[in-house]
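K.L.:
Okay, here's the structure, questions in a sec.
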Amino acid sequence: MRRSVLAAASALAIAGASLAQAGPQAEVLHWWTSGGEAKSVAVLQQEFSANGGTWTDMPVAGGGGDAAMTALRARVLSGNAPTAVQLKGPAIQEWYEEGVLANISAVAEAEGWDKVLPASIAAHMKCEGQWCAAPVNVHRVDWLWANAEILKANGIEMPTSWDEFNAAADKLQAAGVIPLAHGGQAWQDATVFEVVALGILGADGFQQAFVDLDPAMLASDKMVAVFDQMRKMRGYVDSNFPGRDWNLATSMVMNGEAAFQIMGDWAKGEFLAAGKVPGQDFLCASAPGAGFLYNVDSFAMFDVAGDDKQDGQALLAKLIVGQNFQKVFNLNKGSIPARVDVPMEEFDSCAHLSAADMTSSSKDGTLLPSYAHGMAMRGAQSGAITDVVTAHFNSDMSSKDAVAMLVDAVANSL
Amino acid sequence: MIAWLERQIPKMVLAPSFVAILIFVYGFIAWTAWISLTRSKLLPKYELHGVIQYKRLFASPRWETAMDNLFIFGALFIGISMLLGLMLAILLDQKIRVEGVLRTIYLYPMALSMIVTGTAWKWIMNPGLGIEAMVRGWGFESFTFNWVIDPKMAIYAVVIAGVWQASGFVMALFLAGLRSVDGEIIKAAPVDGIPGWRIYSAIILPSMAPIFLSAFIVLAHLAIKSFDLVVALTGGGPGYATDLPATYMYAMAFSRGDIGQAASSAMVMMGVVFAIVVPYLYSELRAKHD
Amino acid sequence: MTDYSYPAPTMSPDTRPAPSRYGQTALRWLLFTLLGLFALFYLMPLFVMVTTSLKSLEEIRSGSLVAFPRDVTFEAWRTAWSGACTGIQCEGLRPYFWNSVLLAVPAVLISSFLGAANGYVIAQWNFRGANLIFSAMLFGCFIPFQVVLLPMARMLGLMGLAGTIPGLIFAHVIYGIGFTTLFFRNFYVTIPSDLVKAAKVDGAGFFRIFWSIFLPLSLPIIVVTVIWQFTQIWNDFLFGVSFSQAGTQPITVALNNIVNSTTGIKEYNVDMAAAIIAGLPTLLVYVVAGKYFIRGLTAGSVKGLMQ
């Protein structure tokens, strides 16, 4: 007991002493705490230490960052903001507007970020023209995962349109296989919804509906069709889906209980961890419809006092966008590097497909932010949309009612 | 002078706590009331914008569900926990040899937070993994227990887990009450030919009226604060079918960056608390005057 | 369920007027069956947690969740205690466990002591307005913690306690006062006021009476208060996650970090072992002190709750 008290006291002392210490400092708030993710962040920490920095870890998992955001608000209000925070999408600009973000343009310009990041991703990292965040990776959301053996046994090709998907699903259902593995949590419902929406509305329609929040598009017949397809999807899901974690849905595909899953490329990590080989045991393809929905993780730097902390921010930003970290981190995490000039030899076939699609989408303007993962709009709006999506999916609400509710909810959230 | 000081000591002892409560409870409620009249988003803002947040709140179907759920959950949770707690207390009061063990078994859920037990409950209630699968495995193919995945029934599944957690504590309260009833009365009754159940219904239970009320207060406080329970068991789902005001407020304030909206929902919640607690406090004060 | 609550008491041998031996035995068995069935209901989640924590990950993936482990392994427990990743550090729950101890022990002691002093004043030294103050404190018990999170963060910042263990202790003490005062006040109210009067005649003052008469009498209610406060504070997540920073996070935050992976692989056996470890201190308190808990409630708090 006494020893532990001493140990704790010395831990506090170290935390206190670090203020006076020279060298770059960073207290990093993030929600990557589980095995693979934690190892990926540890890579960054090692690089940071190797460059003379002192990394203080402040992990808060839960709810896809909800708990971390709770902690962040409390920290900012108490005037004790962390140095760097895992933040993404328009939330970065929202925090900037509160006047609490630091400017890291100096590093970004010195490192030439503008040249190596796709324009739409770079835009997320800027606040009123200055750089305020550093991107870590690009997750693609609109993936369709499949059990190779089941598709083969039932003579099904990876579908390229939602009609083909429906035909395949009907066939699988008749054969006694669950067509779609799905977990009934609001964010997963939203993930399927946005992938279906991208396919049916097209890239322009998606942009109007979920980036511009155009009421005309939200109320359109096409949106009714999206909800119609969601109703179909509901029929392709087994009855035990509510509350299921996404990784359990993934193992249903692995075990051959279910044929398809619609999920971001973190699902790949589950397959790989179970020793499955892409292209052989499981298949990855972009979900029906042209376009690329991205979910970019990034770190924003908060306004902190002290040269050591500001040095820490600059060093951290530089390392995050550095080639080495971008490669190692994304190999671990299943995503692809945010910068386009990272050698891809060590990545698997799914990652290659993702990288190629990102480049082509970036050119033809179909590289779009994921609404379900907080990239497209602010929390109040995306939350309001998710409420409608999940209410519709989990009840027998008609598509027309859902569209009417969607328009109301978005209007009420502004 | 010293005598005067002497008389002031009790007030001085109470003062720090009183000041703390004044600031950290009532000051914060006032702060929340103010924020509920603003358009605060990510962080609190102080320019007033009227009752817009309340209009938004009452226009939200999700809030309506949350309030309905609070009343369903609150009534069932309080009612069943009381009945079950009372029943267990009476059963345990029958001079059982293993009372100590059983009491601990009934009481332990209160020791664990739902963050800890939530996953286990999730599995047990899941039709594909838990009880339903187990009973079907025994050969009862038509057995169903799928409340947790049925939007209409999921709130009742939450009630089960809630009752599991709190009823042991209620049992402890009632057991303590039974033990403090004068033993002579109970011993004398059978001699006079009064049957056992009459002793309970006519003598013991009425004398425990205060315990019913305090059990009610403890349970009401748990019901209103229920947050971990829902988050761990259903995450508010299916859809938002099991949302409660506390989870609604949390979602608005912290995952959606809509603090004004969260503050307005908090004020409505405080109103509900007020309606429940004030009668209690009133009776508390009146009893003192008698 | 209500059907059972009244027939049951009649089984009791000492309340039933003239029981037949045969009927009595049958009723006794019914009683034990009922109690046993309820015990199973209460134990179910614990059973699932313990068995899962003793299985290997393969067995969990392949087998039923509600089954005994085929091969018992304590690997998950070791990982949860000292090897699971709670961020980039993979030191398990161990470091956080001590943060929780350093936080819970002072917070429980201080809030209990304040409750005792407040309860003593309100019950025995009642002055005008004291009941109003008491009501105000009680109402404070009901305030949802989500409501106070942001203003409290601001206050802690102003007081220079942001992110520190003393700050967390402060928050827990403030929001614990209501319940501790309630417990002690209801206990002290059952002590005859003549006692204070007699002591005053003997020349004892306010503190003297508290120290040498009331505190020694208070053991039962101290047990109740300490159990209640310890459970609340140890299990708290919301304050723990909001008012801490790197190095001061309590065990519930670490548990949450282990259990809640967003896009990683879930190790259910480690999750369960971690959950049990995190809950062990409170569980132990209930098991060891459970008897005194009932006794403490019997000793006055319940009886006096409404007087």
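Just so you know, the protein sequences line up as chains A, B and C, in that order. Going by my numbering, the residue at position 212 of the first sequence is 212; the numbering climbs one at a time, nothing skipped. Going by my numbering, the residue at position 125 of the second sequence is 125; the numbering climbs one at a time, nothing skipped. Going by my numbering, the residue at position 30 of the third sequence is 30; the numbering climbs one at a time, nothing skipped. No residue lacks a Cβ here, since even glycine has one placed at the ideal position from N, Cα and C.
#1: Which residue wins for smallest C-alpha separation from B:Tyr282, given the options C:Ile133, C:Gly205, C:Phe210?
#2: At a Cβ cut of 8 Å, what residues of the region 108 to 126 of chain B count as close to chain C, listed as they run along the chain?
#3: Near A:Trp266, what residues of its chain come up, given a Cβ to Cβ distance below 6 Å and the 5 sequence neighbours on each side ignored?
#4: Is the beta carbon of A:Ala249 sitting closer than 8 Å to the one on A:Gly183?
#5: Which two residues bound the contiguous beta strand (DSSP E) that contains A:Gln207?
#6: Taking only runs that begin and end inside the region 66 to 94 of chain C, name each unbroken beta strand (DSSP E) of 3 or more residues, in chain order.
#7: Would you mind stating whether B:Ala253 and B:Lys225 have Cβ atoms separated by less than 8 Å?
#8: Compute the minimum distance between the beta carbon of C:Pro69 and the heavy atoms of the ligand ADP, and state whether it is under 7 Å.
#9: Tell me whether B:Trp298 sits in a helix, a strand or coil according to DSSP, three-state version.
#10: Which partner residues does A:Pro278 have in the DSSP bridge list?
#11: Cα-Cα, which of B:Leu233, B:Met153, B:Ile217, B:Gly137 is closest to B:Val170?
#12: Cβ of C:Gln24 less than 8 Å from any chain B Cβ?
#13: By alpha-carbon positions, which one of A:Pro278, A:Glu257, A:His373 ends up nearest to A:Val195?
#14: Got a sec? Which residues, its chain only, sit under 7 Å from B:Trp164 by beta carbon, not counting five neighbours each side?
#15: On the CB-based measure, 16 or more other CB atoms within 10 Å of its CB, does A:Gln93 come out buried or exposed?
#16: Please report how far the alpha carbon of B:Ala20 lies from the alpha carbon of B:Pro151, in whole angstroms.
#17: Anything in chain C within Cβ reach of A:Thr70, meaning under 8 Å, just list it in chain order.
#18: Starting from A:Asp57, trace the beta strand (DSSP E) both ways and give me its first and last residue.
#19: Following the continuous alpha helix (DSSP H) through B:Leu5, name the residue where it begins and the one where it ends.
#20: With three or more C-beta pairs closer than 8 Å as the rule, is the region 172 to 192 of chain A touching the region 109 to 121 of chain A?
#21: According to a CB-to-CB cut-off of less than 7 Å, which residues of the region 45 to 62 of chain A neighbour chain C?
#22: Give me the Cα-Cα distance between A:Phe227 and A:Leu406, rounded to the nearest whole angstrom.
#23: As a quick exercise: from B:Ser36, B:Phe174, B:Ser142, pick the residue whose alpha carbon is nearest that of B:Leu83.
#24: Among A:Ala68, A:Gly264, A:Asn147, which residue has its Cα nearest to the Cα of A:Ala81?
#25: Kindly give me the distance between the Cβ atoms of C:Asp111 and C:Thr164, rounded to whole angstroms, as I take these residues to be in contact under 8 Å.
#26: Using a C-beta cutoff of 8 Å, does B:Val230 count as contacting chain A?
#27: Can the beta-carbon of A:Asn147 be found closer than 8 Å to that of A:Val237?
#28: Using the C-alpha atoms, what's the distance from A:Gln208 back to C:Thr262?
#29: Name the chain A residues whose beta carbon is nearer than 7 Å to that of C:Val253?
#30: Three or more C-beta pairs closer than 8 Å, one from the region 198 to 218 of chain C and one from the region 171 to 179 of chain C: is that the case here?
#31: In this structure, what does DSSP give as the bridge partners for A:Gly184?
#32: What residues in the region 93 to 126 of chain A bring their beta carbon closer than 7 Å to a beta carbon of chain C?
#33: Threshold first: 3 residues or longer. Then list the beta strand (DSSP E) segments lying entirely within the region 62 to 127 of chain B, N to C.
#34: Does the distance from the C-beta atom of B:Thr119 to that of B:Ala241 stay below 8 Å?
#35: With a cut-off of 8 Å, do at least 3 Cβ pairs link the region 269 to 281 of chain C to the region 76 to 87 of chain C?
#36: Closer than 8 Å, Cβ to any Cβ of chain B: which residues of the region 85 to 102 of chain C, in chain order?
P.N.:
According to the structure data:
#1: Within the second sequence, residue 282 of chain B is the residue found at index 282, counting from 1. Checked all of C:Ile133, C:Gly205, C:Phe210; the closest Cα to B:Tyr282 is C:Ile133.
#2: Tyr108, Pro109, Met110, Ala111, Leu112, Ser113, Ile115, Val116, Thr117, Thr119, Ala120, Trp121, Trp123, Ile124
#3: Numbered from its first residue, the first sequence carries residue 266 of chain A at position 266. So the qualifying residues of the chain are Gly334.
#4: Here residue 249 of chain A is taken as the residue at index 249 of the first sequence, counted from 1. Here residue 183 of chain A is taken as the residue at index 183 of the first sequence, counted from 1. Cβ distance < 8 Å, so A:Ala249 and A:Gly183 count as in contact.
#5: Against the first sequence, residue 207 of chain A aligns to sequence position 207. Neither: A:Gln207 is in no beta strand (DSSP E) and is coded neither H nor E.
#6: none
#7: Mapped onto the second sequence, residue 253 of chain B falls at position 253. Mapped onto the second sequence, residue 225 of chain B falls at position 225. It is not a contact, given that the beta carbons lie outside the stated cut-off.
#8: Questions concerning the ligand ADP fall outside what the structure shown contains, since it holds no ligand whatsoever.
#9: Limits of chain B in this structure are 1 at one end and 290 at the other, which puts residue 298 of chain B out of reach.
#10: Your numbering for residue 278 of chain A matches position 278 in the first sequence. A:Pro278 is bridged to A:Phe282.
#11: The sequence position of residue 170 of chain B within the second sequence is 170, counting from 1. Closest option to B:Val170, Cα to Cα, is B:Ile217.
#12: In the third sequence, residue 24 of chain C corresponds to position 24, counting from 1. Answer no: the Cβ-Cβ gap between C:Gln24 and chain B never drops below 8 Å.
#13: Position 195 of the first sequence, counting from 1, holds the residue named residue 195 of chain A. Residue A:His373 is the option with its Cα nearest to A:Val195.
#14: Taking the first residue of the second sequence as 1, we reach residue 164 of chain B at position 164. Here the set comprises Pro109.
#15: As a first step, residue 93 of chain A is located in the first sequence; it is residue number 93 there, counting from the start. Per the 10 Å Cβ criterion, buried.
#16: The count along the second sequence starts at 1 and reaches residue 20 of chain B at position 20. The count along the second sequence starts at 1 and reaches residue 151 of chain B at position 151. In a straight line, the C-alpha of B:Ala20 is about 43 Å away from that of B:Pro151.
#17: Here residue 70 of chain A is taken as the residue at index 70 of the first sequence, counted from 1. Leu149, Leu238, Val241, Ser242, listed in chain order.
#18: Position 57 of the first sequence, counted from the first residue, corresponds to residue 57 of chain A. Unbroken beta strand (DSSP E) run through A:Asp57: 54 to 59.
#19: Looking up residue 5 of chain B in the second sequence gives position 5. Unbroken alpha helix (DSSP H) run through B:Leu5: 2 to 21.
#20: Remark: fewer than three beta-carbon pairs, one from each stretch, lie closer than 8 Å, so the region 109 to 121 of chain A and the region 172 to 192 of chain A are not flagged as touching.
#21: Correct list: Gln45, Thr56, Asp57, Met58, Pro59, Val60, Ala61, Gly62.
#22: Taking the first sequence and counting its residues from 1, one reaches residue 227 of chain A at position 227. Taking the first sequence and counting its residues from 1, one reaches residue 406 of chain A at position 406. Answer to the nearest angstrom: the Cα atoms are 11 Å apart.
#23: In the second sequence, residue 83 of chain B corresponds to position 83, counting from 1. Closest option to B:Leu83, Cα to Cα, is B:Phe174.
#24: Within the first sequence, numbered from 1, the residue matching residue 81 of chain A stands at position 81. Answer by Cα proximity: A:Ala68.
#25: Walking along the third sequence from the start, residue 111 of chain C turns up at place 111. Walking along the third sequence from the start, residue 164 of chain C turns up at place 164. Before going further, note that residue 111 of chain C is Ser rather than Asp in the sequence given. So it is not a contact: roughly 18 Å between Cβ atoms.
#26: Within the second sequence, residue 230 of chain B is the residue found at index 230, counting from 1. Not closer than 8 Å to any Cβ of chain A, the Cβ of B:Val230 fails to qualify, so no.
#27: By 1-based counting over the first sequence, the position of residue 147 of chain A is 147. By 1-based counting over the first sequence, the position of residue 237 of chain A is 237. No. Outside cutoff.
#28: Numbered from 1 along the third sequence, position 262 holds the residue referred to as residue 262 of chain C. Numbered from 1 along the first sequence, position 208 holds the residue referred to as residue 208 of chain A. Reliability of the predicted coordinates at C:Thr262 is poor, the pLDDT of 49 falling under 50, and no value is obtained from them.
#29: By one-based count along the third sequence, residue 253 of chain C stands at place 253. Chain order gives the chain A residues near C:Val253 as Val60, where near means a beta carbon separation below 7 Å.
#30: no
#31: Looking up residue 184 of chain A in the first sequence gives position 184. A:Pro242.
#32: none
#33: As far as the region 62 to 127 of chain B is concerned, it has no whole beta strand (DSSP E) run of at least 3 residues.
#34: As a position in the second sequence, residue 119 of chain B is number 119, starting the count at 1. As a position in the second sequence, residue 241 of chain B is number 241, starting the count at 1. No, they are not a contact pair.
#35: yes
#36: none
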